[in-house]
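Taking it in order: structure first as structure tokens, then the write-up.
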Amino acid sequence: MEISVLQKNNLITMLLILVCADLLFSGFEANALPYDYTASIECLETPLKPLHGGGIILNPELNMGLKGWQAFGDAKIEQRELAGNKFVAVHARNRPTDSISQKLYLQQETLYSFSAWIQVSEGNEAVAAVFKSGTGFKHGGAVVAESKCWSMLKGGFTSDATGPAELYFEVRKAKVRIQAIDKLGNPLSNATITIQQQQNKPGFPIGCAINKNILTNTPYQKWFTSRFTVTTFEDEMKWYSTEVSPGHEDYTSADALLSFAKQHNIAVRGHNVLWDDPKYQPGWLYSLSPAELSNAVHKRIVSVMSRYTGQLIAWDVVNENLHFSFFENKLGDQATPNFYRLAHAVDWSVPLFLNEYNTIEDSRDGAATPAKYLQKLRQIQGLTRNAKMGIGLESHFGTPNLAYMRASLDTLGATGLPIWLTELDVLSGPNQAKYLEQILMEAYSHPKVDGIVIWAAWKPQGCYRMCLTDNNFNNLATGNVVDNLLRQWRSRAVSGLTDTRGFFEATLFHGDYEINITHPSSSAHSFVVVSTNASLQSPLTFQVSV
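Under the numbering used here, the first residue of the sequence shown carries the number 4, and numbering increases by one thereafter.
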């Protein structure tokens, strides 16, 4: 069990061992070695050795007591030793950020890669590594850690300034305090409090694409509706599906899928209004003159968006605009901003997304870097200043570069606009499930990401690039990853009794919760707490008359 930091070719990697509510850190070395791409998705009885066998952490082996290490927040720390293993225990934690910390010095435009082995004292917790500097906070990654075994966190970030920084850890849960009082305002002790997360309104939406196969397949329906709360139609709303021949629109499949989603309280993202790739157009579109194409596009935007106004949570207005320019080549450089201006006029109630790939997946793709994405976004906003915009990141991954992914999300998140991973999948291969878990955890842990849709709509002949089940709807390894994370992210019911002052306190993941209160002297009472905020530094308190 060791902590290490590697700096080589502008790359720093840390391996830390952490237990929470008690945090444990132990056994460090300080030798620079080539970067290690190893990762683990298993919860292990014993953590593995450091990836790099050393680094630049002060007092890495704890041979100088706690030198270099400080308590962060109100936590208490002490050095301990068990079976020859030296470690630092952190306890008396009352806030999400109470933890252990060490001061570091970061270099501007340097890529830092971070890893940690983490264990919690009971249950499971989403634990994140945070780097605090003069320019703000960088999230180094997160993992849902379990008790009695060690989980590996691996991530990273890019520093945007040179200067001092501090590493610490936080738990992605918030405290909620409830006080039960009688009608005269007196505290009620021994009142029974039960808190249950509303599964149909999770705080962090996780979804999966579907297609028309689900309409006639009961096992598919049961598998899907028991897991997901948001969806996107794989093809059924696209132009080449709804208007195969000019003037003959057919929304039958899209209407049926929307009806199915409504029946099961599943939110729907509109996908997509226009696709800039010349390969994916209605066949009749290619022969149109610019004037005829402009009229056809106008009709398409008005038709599909007015039909579903008020029934969707978002629109992918233009798809893959940074890589392709079918419409711009025929209608001019201002075509895309004009599309969004019209889209806003038709449906101003939901965010309008620009949907693109390789913005967070692949740093080698110069066409869709975060800078290029923001440049296009500003062009659109210049003509549609009042429109609600959103950032759509398709997220078709091969081998993920988690540090690049996080740094890109940091950059895009600075806009303050909603960010969704809209079509998440991973290329088939022996590490597909492992990479999927890493990407899901990175997205979930990032404070600027608002939701995820997995691109795994089932078809008998196979999915686009990644399936979650076989044809009998038994989970594949990728499906198990999704199920495990959903279980961890959705808190179980919490119950207990109020104290002598009528208080009951619980720690919850962000989300919507129903709270029931009963007391022998009063009738039952219930109410809903909406979207607890995991970043709260003090408990969210409710006073309820019973």
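Cβ coordinates follow ideal geometry from the N, Cα and C atoms, glycine included. Please read all numbers here as calculations on a predicted model, not as lab measurements.
By DSSP, does residue i sit in helix, in strand, or in coil?
i	result
W287	helix
S118	strand
A33	Caution is warranted here: a pLDDT of 29 is assigned to A33, below 50, making its placement in the model unreliable, and no coordinate value can be reported.
V247	coil
E331	helix
F90	strand
A3	The requested residue 3 is not part of the displayed model; the chain covers only 4 to 549.
P3	This structure gives no information on residue 3, because the portion of the chain shown stretches from 4 to 549.
T503	coil
N214	coil
Y223	helix
S571	For the chain, the structure presents residues 4 to 549; residue 571 sits outside this window and is missing.
G432	coil
M444	helix
H326	coil
W458	coil
G482	helix
N275	strand
L315	coil
H142	strand
K241	coil
I363	coil
A509	strand
Q111	coil
V8	Low confidence applies to V8: its pLDDT is 36, below 50, so where it sits in the model is not reliable enough to give any reading.
A390	coil
W72	coil
N193	coil
I383	helix
Thinking just about the alpha-carbon of each residue, which of the options is nearest to the one in residue i?
i	options	result
T255	V174, W423, E239	E239
N341	I422, K302, T387	T387
L489	L325, T232, K302	T232
D319	V147, W153, H347	H347
M67	F90, K79, A194	F90
S192	T503, L511, T510	T503
W153	A183, A119, M308	A119
A74	R96, S102, S124, T49	S102
T418	V305, D428, V452	V452
S150	P50, P281, S244	P50
H94	E169, K215, V123, G505	V123
F506	A92, I520, P433, L65	I520
M392	I422, A410, A371, D365	I422
K70	W278, E81, P403	E81
Q2	N97, D368, R344	Only positions 4 to 549 of the chain appear in this structure, which leaves residue 2 out of reach.
A480	D163, G432, G313	G432
D163	F140, A371, Y289	F140
F236	Q464, H251, A212	A212
A338	E48, V321, V353, W351	V321
Take residue i and list the residues in its own chain whose beta-carbon comes closer than 7 Å to its own, dropping the five residues that flank it on each side.
i	result
W287	S248, P249
Q224	I217
K333	P293, L296
D25	The pLDDT assigned to D25 is 42, lower than 50, so where the model puts this residue is not dependable, and the model offers no usable value.
G499	I196, F507
D473	L479
S104	Q73, F75, E169, L170, Y171
L420	M392, G393, I394
With a threshold of 6 Å on Cβ separation, who are the neighbours of residue i within its own chain once the five nearest residues in sequence on each side are excluded?
i	result
T414	P373
Q99	Note on residue identity: the sequence assigns Pro, not Gln, to residue 99. Excluding sequence neighbours, P99 sits near E173, V174.
L424	L396, S398, A446, I455
S524	none
V429	F400, Q435, Y438, L439, M469
S309	V349
A509	V179, I198, V497
P222	F476
So, at 8 Å on beta carbons, what are the nonlocal neighbours of residue i in its own chain, with the 5 sequence-adjacent residues on each side left out?
i	result
Y376	L325, L357, E359, T362, I394, L415
E84	F90
A145	A129, V130, A131, A132, L156, G158, R175, M444, E445, Y447, S448
N203	The pLDDT assigned to N203 is 45, lower than 50, so where the model puts this residue is not dependable; a value taken from the coordinates is nonetheless given after this. The residues are T232, N268.
Give a single yes or no on whether residue i has its beta carbon closer than 7 Å to a heavy atom of the ligand FMN.
i	result
R409	Within the structure as shown, the ligand FMN is missing, as the structure has no ligands at all.
Determine, for residue i, whether the minimum Cβ-Cβ distance to residues of chain B falls below 8 Å.
i	result
P285	Structure shown: chain B not included; a single protein chain is present.
Notebook entry, point to check: Would you say the region 145–163 touches the region 454–469, given that touching needs at least three Cβ pairs under 8 Å?
Noted result: Flag = no, the region 145–163 and the region 454–469 do not touch.
Check: Counting pairs of Cβ atoms below 8 Å between the region 326–335 and the region 399–415, do you hit three or more?
Finding: Fewer than three pairs of CB atoms, one per stretch, sit closer than 8 Å, so the region 326–335 makes no contact with the region 399–415.
Margin query: When you compare the region 431–442 with the region 473–487, are there three or more beta-carbon pairs, one atom per stretch, that lie closer than 8 Å?
Written below: Here the region 431–442 makes contact with the region 473–487; the two share three or more CB pairs at distances below 8 Å.
Checklist line | Three or more C-beta pairs below 8 Å linking the region 256–267 and the region 281–300 | finding: The region 256–267, when compared against the region 281–300, does not touch it at the 8 Å Cβ threshold.
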